Amino acid sequence: MLQLQNLGKSYKTGDDALKGVNLEIPDGQIVGLIGPSGAGKSTLIRCVNRLVEPTTGKVILNDVDVTTLSAGGLRKERRKMGMIFQEYALVDRLTIMENVLSGRLGYVGFWKSFLRKYPQSDVDEAFRLLERVGLDHMVDKRADELSGGQKQRVGIARALIQDPEVLLIDEPTASLDPKTSRQIMRLIAELCKERNLSTIVNIHDVALAQMYVERIVGLQLGEIVFDGPPEGLTPDVLTQIYGEEDWEATIDEVSDDIDDDINEDGIDSAKNTDKVAKDITEAVSAP
Amino acid sequence: MPVISKGELKVWQRRDRAKQLKIWAMWFVGVAIFMFCWKIISDATTWFFVFDAPRIAADIGGRAWPPRWEYLSELWKPMWDTINIATLGTLLAIIMGVPVAFLAANNTTPSRKFLRPFALLIIVSTRSINSLVWALLLVSIIGPGIFAGTLAIAIRSIGFVAKLLYEAIEEIDTTQVEAIQATGASKLQVIAYGIVPQIMPAFAGLSVFRWDINIRESTILGLVGAGGIGLYLQSSLNILAWPQVTVILIMILIAVLISEWVSSKVRLAII
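Heads up: the protein sequence lines correspond to chains A and B, in order. Start counting the first sequence at 1; every next residue gets the next number (the working numbering). Start counting the second sequence at 1001; every next residue gets the next number (the working numbering).
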């Protein structure tokens, strides 16, 4: 269970990015965080693992108050919080394997990590995760050789190898084509359910959010203005979050089976996508 | 504003008239100063020697040819010394310069108030003094020889290595660093995983570039007694042995060409 209590952040410039946010996310719940640019979505996510230092309030993860921890304590707590980034944030010049294993840095000493002597159990887990996200055939490729969708899968594997209790996901699909976006969101949603992870996903694509998350939180100017199920997103609510606009097209019912109709040759090479999609579905249903 | 309304028409020019005049005036003053300085230099020049220069040059050239190739057998050893001075000096500079770079970079320095200014001071002071001057100083401190030359090259290069490297550190992509931090990695691990891979190409490039420069600089260190082929250049000049000077210059030219070729190959291989 992740709790945010009265969480606030004021930047030095005087901007109040967050104004006393209260949020409670039970285990296994995936929350979509929507709101206009500058609403404080990224700040909120980064305040949870203190990449951004909150100015007021508390972040409580399973009875531990993250905001009061010392540097060492924070490092230990960060191991329980996997993070996935918009631009993937892989270390470009390292291999896929090194990128995935970097998720274990909090558990491994400096020299072992420097010499790449990870415990065999970590390597096993890395192979298993790469297989699950459909990339086990590119272990030794460098991260900058991958397509966007592949990079994001590596990012997901890196977050999951931490064996986290919480996933913090910042715009996971903003740089991806529509088909890959759905694949990634579906993968994230399924993994969260299976591993019982509390998850916050920042997302711009309202329709995509409605498809894969079970709860939507609308943020505007650092304050929560909506908190409810995806069906609760009426044009009125969207107007409240984003401002006046014709919202009918955005929230039209979207079905989840048009994958094969659109974008036959998306960012992933066409040859791979079907296999990968199949792999993912199989992998996720495996124990 | 460079936009002038002429009735309906909006005319756009790059600059308005006042600004254009100002720029013209600045050019005028600049050219006038240049002419004035030219006049001073011209008055202070003994033009007879200048007009005489081609004849003298031809004279020396005539005496310098043909090169005295037998002299080559004596040059292999000092040339090897010169290459060693450059290579060891560069290695020493890297060993000392890398920590300075991490202290100087805004995003990795442990203390912005004390250590960073200190690191910047090291960079500025080592860079601002020519390696020939360092060699002069070191020859009088630790005596003539290769060691003085190596140290001179090393000290002169610290600032170069540290400055270029700290600029590379400051330009890294911070989200990659954030991603490593978010895993619970320690500070050293963040440097090893988030920063080092990103600066590797810059590091390798500047190292071979500096080595290439140092080959050139170390060829003249002998002029002040700091070992290497420059020592032979000086003694040959002193006894007006022009054919030997020719051989030495040809040798330096070839060494520099080879070092340039090697460093460009290495740089291509890394990127």
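We put the CB at the ideal spot given by N, CA and C, even for glycine. Since we're looking at a predicted model, the values are computed, not measured.
Asked	Found
Per-residue DSSP class, three states only, for GLY28 of chain A	coil
Chain B contact for GLN162 of chain A (CB, 8 Å cutoff)	yes
Proximity of THR293 of chain A and LYS141 of chain A at Cβ, strictly below 8 Å	The structure shown does not extend to residue 293 of chain A, since chain A is modelled only from 1 through 287, so no value can be given for it.
7 Å CB neighbourhood of ASP261 of chain A in its chain, flanking five on each side removed	Residue confidence for ASP261 of chain A is low, a pLDDT of 40 falling below 50, so the modelled location carries little weight and cannot support an answer.
For ASP1016 of chain B, three-class secondary structure by DSSP	coil
Reduced DSSP secondary structure (H/G/I, E/B, other) of MET81 of chain A	strand
With 16 other Cβ atoms within 10 Å as the buried cut-off, status of ILE188 of chain A	buried
Minimum Cβ-Cβ distance from GLU87 of chain A to chain B less than 8 Å	yes
Interface flag, MET1096 of chain B vs chain A, CB-CB below 8 Å	no
beta-carbon LYS1010 of chain B near the ligand PLP non-hydrogen atom, thresh 7 Å	No copy of the ligand PLP appears in this structure; indeed no ligand is present at all.
LEU7 of chain A: first and last residue of the uninterrupted beta strand (DSSP E) it sits in	2-10
The stretch 1183-1196 of chain B / the stretch 112-126 of chain A touching (three or more Cβ pairs under 8 Å)	yes
Where SER147 of chain A sits in the DSSP three-state scheme	coil
Against chain B: residues of the stretch 22-54 of chain A by CB proximity under 9 Å	ARG46, ASN49 and LEU51
Straight-line Cα distance separating SER42 of chain A from SER1125 of chain B	43 Å
VAL1100 of chain B versus ASN1106 of chain B - alpha carbon distance	12 Å
Interface flag, GLU1171 of chain B vs chain A, CB-CB below 8 Å	no
Amino acids of chain B, ordered along the chain, whose beta-carbon sits closer than 7 Å to that of ARG75 of chain A	GLY1184 and SER1186
Minimum Cβ-Cβ distance from PHE226 of chain A to chain B less than 8 Å	no
Other residues of its chain near MET1251 of chain B: CB distance less than 8 Å, five sequence neighbours each side excluded	LEU1072, LEU1075, MET1079 and ILE1229
Other residues of its chain near LEU1103 of chain B: CB distance less than 6 Å, five sequence neighbours each side excluded	THR1109, LEU1115 and ALA1119
ASP1016 of chain B burial status per 10 Å Cβ neighbour count (16 or more: buried)	exposed
ARG1112 of chain B versus GLY1227 of chain B - alpha carbon distance	40 Å
Residue environment, GLY103 of chain A, which counts as buried when at least 16 other CB atoms sit within 10 Å	buried
Residue-chain proximity (TYR11 of chain A, chain B), Cβ-Cβ < 8 Å	no
Buried or exposed (CB count within 10 angstroms, at least 16 for buried), PRO229 of chain A	exposed
Proximal residues, the stretch 98-112 of chain A versus chain B, C-beta separation under 7 Å	SER102, GLY103, LEU105, GLY106 and PHE110
GLU1008 of chain B in three-state terms, based on DSSP	coil
Among A:GLU248, A:PRO119, A:LYS9 and A:GLN220, the one whose alpha carbon lies nearest that of SER37 of chain A	A:GLN220
8 Å contact criterion, which GLY1159 of chain B and ILE1123 of chain B should meet: CB distance rounded	4 Å
Beta-bridge pairing of GLN220 of chain A - partner residues as DSSP gives them	A:GLU223
Complete alpha helix (DSSP H) runs within the stretch 1155-1198 of chain B (minimum length 4 residues, chain order)	1174-1182
Cut-off 6 Å between Cβ atoms - residues of its own chain near LEU1138 of chain B, not counting five sequence neighbours on either side	ALA1148, LEU1151 and ALA1152
Cβ neighbour criterion (16 or more within 10 Å) applied to GLU1217 of chain B	buried
Chain B within 8 Å of ARG195 of chain A, Cβ atoms only	no
Min CB distance THR1175 of chain B to chain A below 8 Å	yes
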